[in-house]
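Chains as they are written, first to last, in our numbering: chain A, 300 to 455; chain B, 300 to 455.
Here's the structure we're looking at; comments come further down.
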DNA sequence: CTCTTATTGATAATGATTGTCATTAAATCA
DNA sequence: TGATTTAATGACAATCATTATCAATAAGAG
Ligand SMILES: [Zn+2]
Ligand SMILES: [Zn+2]
Ligand SMILES: [Zn+2]
Ligand SMILES: [Zn+2]
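So, in structure tokens, the structure goes:
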């Protein structure tokens with residue numbers, strides 16, 4: 300069995316891919332990682348597949364799915380489900396740990412937010428009810444000022 | 300056009316169905332509403348379809364979907380997406396308005412929770428970033444004390 | 001270079017949800 | 001009550017994101 304310590308391996312100029320033990324560094328995964336560096340919004344696997352393709356890299360949709368899942372399971376990227384239950388992915392800011400997202404419903408523009416008070420509250424509520432192994436989801440959706448402006452203009 | 304004021308119409312002994320303007324009272328929707336009264340957990344449309352059937356009522360899966368959506372859009376029942384993006388439905392406590400859920404990952408046991416401070420926080424954060432038309436999702440998951448007990452016993 | 005096996009890609013399959021459309025039956029009214 | 005209107009239903013096809021298969025490829029250890 301090929302063992303390998305967890306760590307960074309540069310597989311493409313300017314892009315770093317975190318690998319779990321036993322994982323291999325491939326150009327496909329590097330291509331996905333690179334595409335994620337270019338965008339700052341939450342995007343679906345299909346959209347990321349298109350972005351990768353438009354950059355000239357050729358990766359199958361299946362592999363895009365697998366790469367995103369691998370990255371997400373390591374915590375390298377964030378996942379959130381939109382109101383349709385579709386998974387959206389995003390490479391978030393420098394490992395700021397647990398955080399939440401304020402996402403524009405129209406353009407995907409995302410702001411990372413943290414709220415220690417909220418974290419405390421959810422935990423307290425759950426423990427008070429006797430729950431253990433607690434986790435939570437918290438996402439804020441809205442229309443960013445840019446999109447709101449556009450909508451107003453378009454209506455004229 | 301058949302106009303009708305919004306209100307309650309009893310369509311089955313012991314069950315009340317809220318109707319929007321223009322909607323009709325049918326035995327199928329009543330059957331779904333009755334099934335929802337019997338359960339206290341969040342369930343998928345498919346599961347509710349089975350429950351309705353097991354009670355002797357015959358409603359097509361398509362209609363179960365439509366009934367649940369209609370009830371949810373009025374706010375008569377709550378919807379939440381599980382980690383797979385599947386919609387789960389539940390008839391919640393007496394119209395307590397906006398609230399959130401603490402759900403057992405194992406058995407589905409649910410506790411309704413409210414947190415004015417969290418509501419204020421999400422709204423403030425979003426507005427501070429210039430967002431409008433704001434909404435949010437907040438769900439807490441864990442293992443209820445009952446399930447935790449069972450797990451400990453089973454392991455012996 | 002050789003070998004092991006993780007990874008890929010083409011494709012089929014899954015599974016929840018939605019669309020279609022002819023038929024049924026509430027609600028309204030003569 | 002019987003006729004009329006059209007919301008609602010049901011059987012079934014269609015979507016669409018995601019997963020499963022499996023043979024072919026290639027990373028990386030020795
Ligand atoms: Zn994030
Ligand atoms: Zn949190
Ligand atoms: Zn509720
Ligand atoms: Zn809330």
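For glycine and all other residues, C-beta sits at the position ideal for the given N, C-alpha and C.
Segment contact flag, the stretch 387-401 of chain B with the stretch 400-418 of chain A, C-beta cutoff 8 Å, min 3 pairs: In this structure the stretch 387-401 of chain B does not lie against the stretch 400-418 of chain A, because fewer than three pairs of beta carbons, one per stretch, are closer than 8 Å.
DSSP-derived helix/strand/coil call for residue 439(B): Of the three classes helix, strand and coil, the one that applies to residue 439(B) here is strand, per DSSP.
Buried or exposed: where does residue 320(B) fall if 16 or more other Cβ atoms within 10 Å of its Cβ makes it buried? Burial is judged here by how many other beta carbons sit within 10 angstroms of a residue's own beta carbon; residue 320(B) has fewer than 16 and is exposed.
When you compare each of 341(A), 427(A), 437(A) to residue 367(A) by their alpha carbons, which one comes out closest? Closest by alpha carbon: 341(A).
Burial state of residue 361(B) (16 or more Cβ within 10 Å): Residue environment analysis places residue 361(B) among the exposed positions, since fewer than 16 neighbouring C-beta atoms fall within 10 angstroms of its C-beta.
Is the shortest distance between the beta-carbon of residue 458(B) and the beta-carbons of chain A less than 8 Å? A query on residue 458(B) cannot be resolved here, the shown segment of chain B reaching from 300 to 455 and no further.
Classification of residue 448(B) by the beta-carbon crowding that lies within 10 angstroms, buried from 16 upward: Result: exposed.
Taking the alpha-carbon positions, what's the residue 301(B) to residue 396(B) distance? Any reading at residue 301(B) is ruled out, since the residue's pLDDT is 30, under 50, leaving its predicted position unreliable.
Contact between the stretch 378-386 of chain A and the stretch 315-333 of chain A (3+ Cβ pairs under 8 Å): No, the stretch 378-386 of chain A is not in contact with the stretch 315-333 of chain A.
Leaving aside the five residues before and after residue 403(A) along the sequence, list all residues of the same chain whose C-beta is less than 7 Å from its C-beta, in chain order. The residues are 441, 442, 443, 446.
Beta-carbon of residue 440(B) versus every beta-carbon of chain A: anything under 8 Å? Cβ-Cβ to chain A under 8 Å: yes for residue 440(B).
Measure from the alpha carbon of residue 435(B) to the alpha carbon of each residue in 422(B), 428(B), 427(B), then state which is nearest. Nearest C-alpha to residue 435(B): 422(B).
Where residue 317(A) and residue 400(A) are concerned, what is the direct C-alpha to C-alpha distance, given to the nearest angstrom? Rounded to whole angstroms, residue 317(A) to residue 400(A) spans 23 Å at the Cα level.
Quick check on residue 416(A): buried or exposed, where buried means 16 or more other Cβ atoms within 10 Å of its Cβ? By the 10 Å Cβ count, residue 416(A) comes out exposed.
When every heavy atom of ligand 3 is checked, does at least one fall within less than 7 Å of the C-beta of residue 403(B)? No - ligand 3 has no heavy atom lying nearer than 7 Å to the Cβ of residue 403(B).
Are the beta-carbon atoms belonging to residue 351(B) and residue 334(B) less than 8 Å from one another? A distance below 8 Å separates the beta carbons of residue 351(B) and residue 334(B).
In the stretch 410-429 of chain B, which residues sit with their C-beta less than 7 Å from some C-beta in chain A, listed in chain order? Here the close residues are 410, 412, 414, 416, 417, 420, 421, 424, 425, 428, 429.
Give a yes or no on whether 8 Å exceeds the smallest Cβ distance from residue 346(A) to chain B. No, no contact with chain B.
With 16 other Cβ atoms within 10 Å as the buried cut-off, status of residue 377(B): Residue 377(B) is buried by the Cβ-count criterion.
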